[in-house]
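Here is the structure we will look at.
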Amino acid sequence: MPAIAYIALSPNGLNIAAKLQKHFGGEIMTKSDGNIKQIIGRLFAQKTAIIGICSAGILIRSVAGELGDKTDEPPVIAIDELGQNIVALLGGHSQISALGSAVEITQKCAQILGANAIITTAGDVSFGIALDNPPAGYILVNKSDYKKFMSNLLQQQTVSYSPDFDWLAKSKLPHAAAAQLQITVSNQMIEGSEQQLIYCPQNIVVGIGCARGAKASEIIELIDKQLGAHKLNPQAIAYIASIDVKSDEAGIHEAAKHYNVKAVFYSAEDLEAQAARLVNPSDYVFNEVGCHGVAEGAALAATGADSQLICPKVKSANATCALAQTTKPITTSKGKPQGQLYIVGMGPGQDSWRVPEATAMLEAAQDWVGYGLYIDLLGDMGVGKTQHEFALGEEEKRVRHALELAGQGKQVALICSGDAGIYAMAALVYELLDLASNKGGVTDAAKRVEVQMAPGISALQGAAARVGAPLGHDFCTISLSDLLTPWEAIKTRIHAAAEADFVISFYNPVSKKRRTQLAYAKQVLLNHRPADCPVILASNIGRAHENIRYVNLADLNIDDVDMLTLVMVGSSNSRKFMRGNGHEYVYTPRGYAKKRRLNIIEKD
Numbered sequence: 110m111p112a113i114a115y116i117a118l119s120p121n122g123l124n125i126a127a128k129l130q131k132h133f134g135g136e137i138m139t140k141s142d143g144n145i146k147q148i149i150g151r152l153f154a155q156k157t158a159i160i161g162i163c164s165a166g167i168l169i170r171s172v173a174g175e176l177g178d179k180t181d182e183p184p185v186i187a188i189d190e191l192g193q194n195i196v197a198l199l200g201g202h203s204q205i206s207a208l209g210s211a212v213e214i215t216q217k218c219a220q221i222l223g224a225n226a227i228i229t230t231a232g233d234v235s236f237g238i239a240l241d242n243p244p245a246g247y248i249l250v251n252k253s254d255y256k257k258f259m260s261n262l263l264q265q266q267t268v269s270y271s272p273d274f275d276w277l278a279k280s281k282l283p284h285a286a287a288a289q290l291q292i293t294v295s296n297q298m299i300e301g302s303e304q305q306l307i308y309c310p311q312n313i314v315v316g317i318g319c320a321r322g323a324k325a326s327e328i329i330e331l332i333d334k335q336l337g338a339h340k341l342n343p344q345a346i347a348y349i350a351s352i353d354v355k356s357d358e359a360g361i362h363e364a365a366k367h368y369n370v371k372a373v374f375y376s377a378e379d380l381e382a383q384a385a386r387l388v389n390p391s392d393y394v395f396n397e398v399g400c401h402g403v404a405e406g407a408a409l410a411a412t413g414a415d416s417q418l419i420c421p422k423v424k425s426a427n428a429t430c431a432l433a434q435t436t437k438p439i440t441t442s443k444g445k446p447q448g449q450l451y452i453v454g455m456g457p458g459q460d461s462w463r464v465p466e467a468t469a470m471l472e473a474a475q476d477w478v479g480y481g482l483y484i485d486l487l488g489d490m491g492v493g494k495t496q497h498e499f500a501l502g503e504e505e506k507r508v509r510h511a512l513e514l515a516g517q518g519k520q521v522a523l524i525c526s527g528d529a530g531i532y533a534m535a536a537l538v539y540e541l542l543d544l545a546s547n548k549g550g551v552t553d554a555a556k557r558v559e560v561q562m563a564p565g566i567s568a569l570q571g572a573a574a575r576v577g578a579p580l581g582h583d584f585c586t587i588s589l590s591d592l593l594t595p596w597e598a599i600k601t602r603i604h605a606a607a608e609a610d611f612v613i614s615f616y617n618p619v620s621k622k623r624r625t626q627l628a629y630a631k632q633v634l635l636n637h638r639p640a641d642c643p644v645i646l647a648s649n650i651g652r653a654h655e656n657i658r659y660v661n662l663a664d665l666n667i668d669d670v671d672m673l674t675l676v677m678v679g680s681s682n683s684r685k686f687m688r689g690n691g692h693e694y695v696y697t698p699r700g701y702a703k704k705r706r707l708n709i710i711e712k713d
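To get this note's numbering, take the position in the sequence shown, counting from 1, and add 109.
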């Protein structure tokens with residue numbers, strides 16, 4: 110799903126949406142995409158930020174049934190048709206969108222369009238600040254007390270806070286040294302109240318070293334002990350850091366998820382640069398990984414030169430932990446996250462056939478890798494992405510490139526047509542990961558990437574959906590290309606599938622140079638199936654110039670087929686018939702006729 114979507118109901122609204130899309134990305138939705146009310150409701154339920162260039166009423170009525178916890182609602186923003194006024198309707202201070210709260214997005218839109226930002230939230234209007242939406246690097250600890258605290262503040266009570274906190278100092282809060290209300294900034298475990306808000310700066314990094322396969326529970330217990338010993342709030346953790354050879358260590362990633370932070374990783378050289386600052390340097394560790402300390406070194410590398418170790422290395426059976434602290438929150442890191450390779454099956458090419466998970470992966474990826482035609486089919490989704498296009502025949506080259514890019518800590522989408530696991534790149538990804546680096550595999554860094562795969566609608570599924578239900582009983586697929594598979598092996602499979610009476614989908618049936626394989630398959634099949642066995646010839650399924658034809662097996666002409674054609678041959682039981690609308694349909698019965706006959710016999 111996109112991070113943001115625009116609802117445009119007029120030509121001018123479309124122009125405004127296009128202008129905003131250049132800055133924020135996302136997708137533009139119009140009446141041509143379907144029922145607008147349903148689209149808006151679905152986007153809201155998926156936590157997608159919504160900008161409607163339409164009346165506020167349309168947006169409110171569309172999401173009314175989904176309204177609940179305001180802290181878990183995406184931004185909803187209305188812009189008038191002339192682009193003069195922008196209103197933050199919902200999600201004013203919500204932080205679930207990566208693009209910011211509705212107030213923040215509204216203010217950015219106003220700058221882009223030269224429009225009026227209309228903000229109605231009490232804190233913003235009265236004090237020029239949203240106390241429930243602190244700046245990056247700070248967390249409001251006692252959110253449940255915020256509503257009552259604001260109520261007291263709006264009743265003209267004064268508040269005390271440190272003038273060193275610029276965010277507060279620049280506001281119009283009624284400050285007083287001796288006040289009824291208090292705002293405290295601390296990374297210590299402090300319990301707030303309706304009279305005291307606590308903001309925790311994320312200024313601590315946890316450095317972790319561990320044995321391969323260390324359990325997350327052990328790592329978390331070790332971290333919790335050190336936090337407790339120093340009375341530190343777990344929300345003060347900005348990152349969990351370690352050495353790059355641990356970037357695929359499941360326990361570290363699970364621990365990071367537990368504390369709701371990212372895990373980042375540094376090279377041995379980066380960690381060794383901290384050697385002079387280590388409290389517990391180790392020659393043994395140096396001989397093993399090339400630096401004198403992993404836990405302490407990672408904590409210090411991630412917090413910078415002005416930091417200090419507040420908890421030197423401590424050990425458990427399988428892990429080490431160290432804590433480093435800075436004076437200010439940490440909002441960025443020079444460490445690299447674990448690389449992500451998204452293997453995306455985009456389906457035949459039609460947007461509506463692409464599964465939401467695949468769309469989410471495409472949105473998340475920084476880099477797209479694929480055959481040029483497949484990338485082109487995704488159209489405007491590729492705006493802002495670094496695109497790496499490869500030609501046909503460069504399959505291994507493109508997969509290696511995708512893995513090595515991800516090995517640099519990037520989020521990479523390897524784009525395939527149909528389903529990536531069916532005659533596509535997924536198997537090659539795992540083959541290269543399985544190979545030793547010195548035997549044709551990828552680098553060690555690439556081997557440590559996380560791989561996720563989204564299913565896609567394959568050509569045989571798309572074709573079957575268009576013509577009826579030809580895959581209603583047992584079926585198989587066979588590629589007739591002998592570039593990677595010996596022809597003798599392919600012949601064996603053709604004979605076996607023909608004798609077993611499978612519905613067969615032939616991929617790669619012909620090429621400019623390869624014209625005999627499909628003819629051979631036809632002759633074999635005629636020995637096991639009737640001459641009028643239905644054959645479906647489907648090309649460009651789900652794309653422009655889609656073409657579907659029916660022929661009988663005996664009439665199959667190789668010259669009617671090209672490399673983009675899927676040839677689906679029915680079983681001996683497959684049937685073709687015409688309905689009243691004049692269209693022909695093919696189906697393969699599963700055996701319910703026998704069940705019906707038995708029911709009739711039982712009734713008799």
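Glycine is no exception: its CB is placed at the ideal position from the N, C-alpha and C atoms.
8 Å Cβ cutoff met for residue i and residue j
| i | j | result |
| --- | --- | --- |
| A350 | V388 | no |
| Y451 | Q570 | no |
| I159 | I116 | yes |
| Y368 | I346 | yes |
| A288 | S302 | no |
| L665 | P618 | no |
| L662 | L635 | yes |
| V453 | L482 | no |
| A320 | N427 | yes |
| C420 | L432 | yes |
| T468 | A578 | no |
| Q311 | V250 | no |
| S271 | F236 | no |
DSSP state of residue i mapped onto helix, strand, coil
| i | result |
| --- | --- |
| M534 | coil |
| G488 | helix |
| D669 | helix |
| P446 | coil |
| I227 | strand |
| D528 | coil |
| M455 | coil |
| F374 | strand |
| Q305 | strand |
| N194 | strand |
| Q130 | helix |
| E136 | strand |
| G166 | helix |
| F686 | strand |
| I188 | strand |
| E513 | helix |
| Q344 | helix |
| K252 | helix |
| T429 | strand |
| K703 | helix |
| H284 | strand |
| E693 | strand |
| G577 | strand |
| K621 | coil |
Whole-Å CB distance - residue i paired with residue j, under 8 Å assumed
| i | j | result |
| --- | --- | --- |
| A474 | V551 | About 18 Å; that fails the 8 Å criterion. |
| V644 | V660 | 5 Å |
| A112 | G135 | 6 Å |
| S680 | F611 | 6 Å |
| V373 | G456 | Actually they do not touch by this definition, with Cβ atoms about 34 Å apart. |
| Y247 | C309 | 7 Å |
| I149 | S171 | 4 Å |
| L541 | V508 | 6 Å |
Residue(s) in a DSSP beta bridge with residue i
| i | result |
| --- | --- |
| Y480 | F499 |
| M562 | I452 |
| S351 | F374 |
| N656 | S648 |
| S588 | Y616 |
| C319 | A428 |
Inter-stretch contact (C-beta, 8 Å, three-pair minimum) for the segment 365 to 384 and the segment 582 to 589: no
The segment 136 to 153 in contact with the segment 207 to 221 per 3-pair CB rule at 8 Å: no
The segment 435 to 455 touching the segment 508 to 515, judged by at least three CB pairs closer than 8 Å: yes
Any 3 or more C-beta pairs closer than 8 Å across the segment 632 to 647 and the segment 655 to 669: yes
Cβ contact (3+ pairs, closer than 8 Å) linking the segment 465 to 485 and the segment 496 to 509: yes
Contact the segment 215 to 228 vs the segment 252 to 263: 3+ CB pairs below 8 Å: no
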